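Residue numbering for the sequence shown follows the numbering used here, starting at 12 and increasing by one per position.
For reference, the structure is listed below as structure tokens.
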Amino acid sequence: MGAQKVKGKFAAPLLSQGTSDLRYADVLLSNADIKALRATPKTLVPAPGTGKMLEFLSAVVMLKAGTNVLAEATANLAVRYKDGTSVQVSQTIETTGFIDQAADQITYGLAKLDPITARTVAENQPLVLHNLGAGEFTGNAANDALLKVKVAYRVHTF
Numbered sequence: 012m013g014a015q016k017v018k019g020k021f022a023a024p025l026l027s028q029g030t031s032d033l034r035y036a037d038v039l040l041s042n043a044d045i046k047a048l049r050a051t052p053k054t055l056v057p058a059p060g061t062g063k064m065l066e067f068l069s070a071v072v073m074l075k076a077g078t079n080v081l082a083e084a085t086a087n088l089a090v091r092y093k094d095g096t097s098v099q100v101s102q103t104i105e106t107t108g109f110i111d112q113a114a115d116q117i118t119y120g121l122a123k124l125d126p127i128t129a130r131t132v133a134e135n136q137p138l139v140l141h142n143l144g145a146g147e148f149t150g151n152a153a154n155d156a157l158l159k160v161k162v163a164y165r166v167h168t169f
């Protein structure tokens with residue numbers, strides 16, 4: 012019985028869940044955005060509207076290294092709902108060996124296992140990138156380092 016050739020179109024059932032199709036968002040963070048992520052989390056996906064919630068699936072985070080390196084001490088990244096105080100929906104994204112490098116880098120943010128929260132915390136809230144550390148990122152005196160984040164997510168209706 013070897014391999015069989017099959018013609019026609021096929022649906023990938025894991026990529027569609029009714030009206031909750033897989034979606035992507037691309038966000039570019041300026042140097043100023045990177046250095047202010049603790050105080051001002053960056054919106055990755057805007058709030059979807061009343062009666063809807065965003066499900067964070069993953070993120071690809073790419074550093075375009077600048078002329079000088081960025082510095083971090085205790086700072087890591089995470090994706091959250093709404094702001095820096097809301098529930099974390101991604102695993103912690105380690106920045107040591109990533110944000111502080113002189114060459115372009117890439118890392119990934121994965122969905123957090125069981126980010127349990129009240130419906131009111133998730134409903135009609137944006138997904139944001141937040142600096143979890145005790146202080147802001149510093150360094151890169153030339154102010155030319157950039158971050159690009161590609162987010163995979165779904166929108167669910169209650």
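Note that CB positions come from ideal geometry on N, CA and C, so glycine has one too.
Computed from a predicted model, the values in this text were never measured in an experiment.
According to DSSP, which residues form a beta bridge with residue i?
| i | result |
| --- | --- |
| A43 | In the DSSP output, where bridge partners are listed per residue, A43 has none listed. |
Using the three-state DSSP reduction, which class does residue i fall into: helix, strand or coil?
| i | result |
| --- | --- |
| A133 | helix |
| G150 | strand |
| H141 | strand |
| A156 | coil |
| D37 | strand |
| R165 | strand |
| S31 | coil |
If the criterion is Cβ atoms closer than 8 Å, does the pair residue i and residue j meet it?
| i | j | result |
| --- | --- | --- |
| Y119 | V72 | yes |
| T168 | K53 | no |
| L68 | H141 | no |
| L55 | A36 | yes |
| T106 | A86 | yes |
| L65 | L138 | yes |
| D115 | L74 | yes |
| D111 | A82 | yes |
| Touch check for the stretch 66–79 and the stretch 143–157: three-plus C-beta pairs under 8 Å? | yes
| task | At 3 residues or longer, and completely inside the stretch 48–129: list those beta strand (DSSP E) runs for me, N to C. | result | 53–56, 63–75, 88–92 and 116–121
| message | I want to know whether the stretch 122–134 touches the stretch 30–40 - three or more CB-CB distances under 8 Å. | response | no
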